[in-house]
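Heads up: the sequence shown begins at 10 in the working numbering, then just goes up one per residue.
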Amino acid sequence: MNANTPTASSIIDEIKQIVLSPHSFRSVFILISSLLVAYWLSQFLAKGLIFIAQRIASRSDKESDEARAMRLRQTETYLSMFIAIVRALVVIVVGYIAWILLSPTAGNNSSGASGLAAIGAGAMFALIAGQTIGIILRDLTAGAIMISENWYKIGDYVKLEPYSDLSGVVERFTLRSTRVRSLNGELITVHNQNITGVRVAPRGVRTIAVDIFVRDKDRGVNAIQRVIAAIPKGPTMLARPLHITNINQWGNNRWHITVVGQTAPGREWLIEKFFVNAVSAFDEDKEPSERLLSLPPISHNADETANKRLKRAVRVKRDRPQQSSSDGKTSESAHRMKRTPVHAYINQRLRTFSKGSMRAQQPAREPRSPARKN
Numbered sequence: 010m011n012a013n014t015p016t017a018s019s020i021i022d023e024i025k026q027i028v029l030s031p032h033s034f035r036s037v038f039i040l041i042s043s044l045l046v047a048y049w050l051s052q053f054l055a056k057g058l059i060f061i062a063q064r065i066a067s068r069s070d071k072e073s074d075e076a077r078a079m080r081l082r083q084t085e086t087y088l089s090m091f092i093a094i095v096r097a098l099v100v101i102v103v104g105y106i107a108w109i110l111l112s113p114t115a116g117n118n119s120s121g122a123s124g125l126a127a128i129g130a131g132a133m134f135a136l137i138a139g140q141t142i143g144i145i146l147r148d149l150t151a152g153a154i155m156i157s158e159n160w161y162k163i164g165d166y167v168k169l170e171p172y173s174d175l176s177g178v179v180e181r182f183t184l185r186s187t188r189v190r191s192l193n194g195e196l197i198t199v200h201n202q203n204i205t206g207v208r209v210a211p212r213g214v215r216t217i218a219v220d221i222f223v224r225d226k227d228r229g230v231n232a233i234q235r236v237i238a239a240i241p242k243g244p245t246m247l248a249r250p251l252h253i254t255n256i257n258q259w260g261n262n263r264w265h266i267t268v269v270g271q272t273a274p275g276r277e278w279l280i281e282k283f284f285v286n287a288v289s290a291f292d293e294d295k296e297p298s299e300r301l302l303s304l305p306p307i308s309h310n311a312d313e314t315a316n317k318r319l320k321r322a323v324r325v326k327r328d329r330p331q332q333s334s335s336d337g338k339t340s341e342s343a344h345r346m347k348r349t350p351v352h353a354y355i356n357q358r359l360r361t362f363s364k365g366s367m368r369a370q371q372p373a374r375e376p377r378s379p380a381r382k383n
């Protein structure tokens, strides 16, 4: 056998030397392997916290008190953040320990081989993870701001900007990302740094009102009730069934009926399209004299809080009512209401000046001559 032919024992010795001797590739391999193992072990550590979060989510879904349900959802959101933080801490601690073991001060090797290996490992790791760390830091900063400003919580129905069609229920919210389940069942994960705005459905429902104008009150109410009974109901459809809230008479043979209901987000078409089209179909194939509707139905948003804020924002100058006297002229009291102190002072000075001018220009009266008698 040729002396230069490698034997099995020599190959094993070379592999041992490559694996055990300190060099940069070995250090990078050990560091990355330790981080992957730590990430895998952190999943088991987080299972206990996930179980607690699931119990809180179940309680919040069954809670009838809205304020308490919101507090439970907030707690669930904080637990989701804590789970992500715990897993990140486990990975960081294991990575730090591995770095200490590979650092130049580890061991008693005075040759500096371990130091060079650690420096090489650090350089390669920084080269590989530099861009990733920058992305993660931007996500963490955006997530921290969103949490401090209370943008949304787990369980909220949101629409994320600048995406036009990204909407759904928040299932997970961490410092790095947000996971949303859309209405068609898709799971969508978005980095927090890419979220520029969010629309949150208040209390998870949309309140919509429909104004219906009919010529006959009794016929109109009966027809509306039949349509309401045909619309599917439930938490994911009509969260609160349609009901008549107001009936007003507008002159002869004209009634205004208001119907209000609440739908789950994304189900607005049940009221805005299905119900409105069903009401509009009352007069199909009918003569003009037999039609029930006097005007087409109108649907609009009817959230009480939004209407209060809108009423506060709208500033229209109101005209003051003017009281007329018996001869048709505006009363003196109405004029006084419009006068300001400046106007009163100017008017007083003008009257004083006009009286003085009239006295100065008035000629002396001449005695009248006696009338002649014919």
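Backbone N, C-alpha and C define an ideal beta-carbon position, used for all residues, glycine too. All of these numbers come straight from a predicted model, not from anything done at the bench.
Exercise for the section: Taking 8 Å as the threshold, find out whether the region 219-236 comes into contact with the region 297-308 through three or more Cβ pairs. Expected result: Because the criterion of three Cβ pairs below 8 Å is met, the region 219-236 and the region 297-308 touch.
Handout entry: Residues bridged to Tyr166 [DSSP beta-bridge criterion]
Key = Listed as beta-bridge partners of Tyr166 by DSSP are Val178.
Exercise for the section: Closer than 6 Å by C-beta to Ile237: which residues in its own chain qualify, once you throw out the five before and the five after it? Chain order, please. Expected result: Counting only Cβ-Cβ distances below 6 Å, and skipping sequence neighbours, we find Leu251.
Exercise for the section: Identify whether Ile253 lies in helix, strand or coil by the three-state DSSP scheme. Expected result: DSSP places Ile253 within a strand segment (E or B) once states are collapsed to three.
Exercise for the section: Please check if any C-beta of chain B sits within less than 8 Å of the C-beta of Thr187. Expected result: The structure shown contains no chain B; it holds only a single protein chain.
Exercise for the section: Return yes when the Cβ of Val189 is within less than 8 Å of the Cβ of Val207, no when it is not. Expected result: Not in contact: Val207 and Val189 (Cβ atoms no closer than 8 Å).
Exercise for the section: With DSSP collapsed to three states, give me the class of Asn201. Expected result: If DSSP states are grouped into helix, strand and coil, Asn201 belongs with the helices.
Practice task
Specify the secondary structure class of Ala248 as computed by DSSP and reduced to three states.
Solution key: Three-state DSSP puts Ala248 in a strand.
Handout entry: Distance between beta carbons of Val167 and Ser186, contact taken as under 8 Å
Key = So it is not a contact: roughly 14 Å between Cβ atoms.
Handout entry: Three-way DSSP call (helix, strand, coil) for Arg190 in this model
Key = Reduced to three states, the DSSP call for Arg190 is strand.
Problem - Nearest-angstrom Cβ-Cβ length linking Asn196 and Gly104, presumed shorter than 8 Å - result: Note that residue 196 is Leu in the sequence shown here, rather than Asn. That belief does not hold up - the Cβ atoms of Leu196 and Gly104 are roughly 29 Å apart, past 8 Å.
Practice task
List the endpoints of the continuous beta strand (DSSP E) containing Pro261.
Solution key: Pro is not the amino acid found at residue 261; the sequence shown has Asn there. Looking at the DSSP string, Asn261 is not in any beta strand (DSSP E), and its letter there is neither H nor E.
Handout entry: Between the CA atoms of Glu313 and Arg321 - distance to the nearest angstrom
Key = For Arg321 and Glu313, the distance between alpha carbons rounds to 12 Å.
Problem - Proximal residues to Asp292 (C-beta, below 7 Å), its chain only, five neighbours per side dropped - result: If we look at Asp292 and ignore the five residues flanking it on each side, its Cβ neighbours are Arg300, Leu301, Leu302.
Practice task
Locate the alpha helix (DSSP H) running through Ser289, then write down its first and last residues.
Solution key: Judged by DSSP secondary structure, Ser289 falls within the alpha helix (DSSP H) whose first and last residues are 285-289.
Problem - Backbone CA spacing between Phe53 and Val95 [nearest angstrom] - result: So the two alpha carbons sit approximately 11 Å from each other.
Problem - Nearest to Ile204 (by Cα), restricted to the options Thr254, Leu192, Phe182, Ala218 - result: Measuring from the Cα of Ile204, the nearest candidate turns out to be Phe182.
Practice task
Could you tell me which residues DSSP pairs with Ser308 in its beta bridges?
Solution key: Ser308 pairs with Val219.
Handout entry: C-beta atoms of Gln202 and Asp165 nearer than 8 Å
Key = No, Cβ-Cβ distance for Gln202 and Asp165 is not below 8 Å.
Handout entry: Element boundaries [beta strand (DSSP E), containing Gly229]
Key = In the DSSP assignment, Gly229 falls outside any beta strand (DSSP E) and within the unbroken alpha helix (DSSP H) covering 226-239.
Exercise for the section: With a 10 Å radius around its C-beta and 16 neighbouring C-beta atoms as the bar for buried, classify Ser173 as buried or exposed. Expected result: Classification of Ser173: exposed, given that the 10 Å Cβ count is below 16.
Exercise for the section: For the beta strand (DSSP E) holding Arg208, just list the boundary residues, first then last. Expected result: First-last of the beta strand (DSSP E) with Arg208: 206-209.
Practice task
Would you list the one or two residues that DSSP bridges to Gly270?
Solution key: DSSP lists Ile217 as partners of Gly270.
Exercise for the section: May I have the straight-line CA-CA distance separating Pro171 from Met155, to the nearest angstrom? Expected result: In this structure, the CA atom of Pro171 is about 16 Å from the CA atom of Met155.
Practice task
Report the three-state DSSP secondary structure of Ser173 (helix, strand or coil).
Solution key: Ser173 falls in the coil class under three-state DSSP.
Exercise for the section: Rank Ile233, Ile163, Met246 by C-alpha distance to the C-alpha of His265 and give the top, closest one. Expected result: Of the candidates Ile233, Ile163, Met246, the one whose C-alpha sits nearest the C-alpha of His265 is Ile233.
Problem - C-alpha gap between Trp278 and Ala93, whole angstroms - result: Each residue's alpha carbon lies about 38 Å from the other.
Practice task
For Ser335, I'd like the list of residues in its chain whose CB is within less than 6 Å of its CB, leaving aside the five on either flank, ordered along the chain.
Solution key: Low local confidence applies: a pLDDT of 48 at Ser335 is under 50, so the model's placement there is unreliable, and no value is given.
Practice task
Give the DSSP-derived three-state secondary structure of Leu196 in the structure shown.
Solution key: In the structure shown, Leu196 sits in a strand (DSSP, three-state: E or B).
Exercise for the section: Determine the burial state of Trp259: buried for a count of at least 16 other Cβ atoms within 10 Å of its Cβ, exposed for fewer. Expected result: Counting C-beta atoms within 10 angstroms of its own C-beta, Trp259 has fewer than 16 neighbours from the protein chains shown and is therefore classed as exposed.
Practice task
Compute the minimum distance between the beta carbon of Asn286 and the heavy atoms of the ligand MN, and state whether it is under 7 Å.
Solution key: In terms of ligand content, the structure shown is empty, and the ligand MN therefore cannot be addressed.
Handout entry: Other residues of its chain near Pro244: CB distance less than 8 Å, five sequence neighbours each side excluded
Key = Taken in chain order, the residues that qualify are Ala273.
Handout entry: Straight-line gap, Arg324 to Asn316 (C-alpha atoms, nearest Å)
Key = Those two C-alpha atoms are separated by around 14 Å.
Practice task
Please list, in chain order, all residues of the same chain as Tyr48 whose beta carbon is under 6 Å from its beta carbon, the five residues on each side excluded.
Solution key: Contacts found: Val100.
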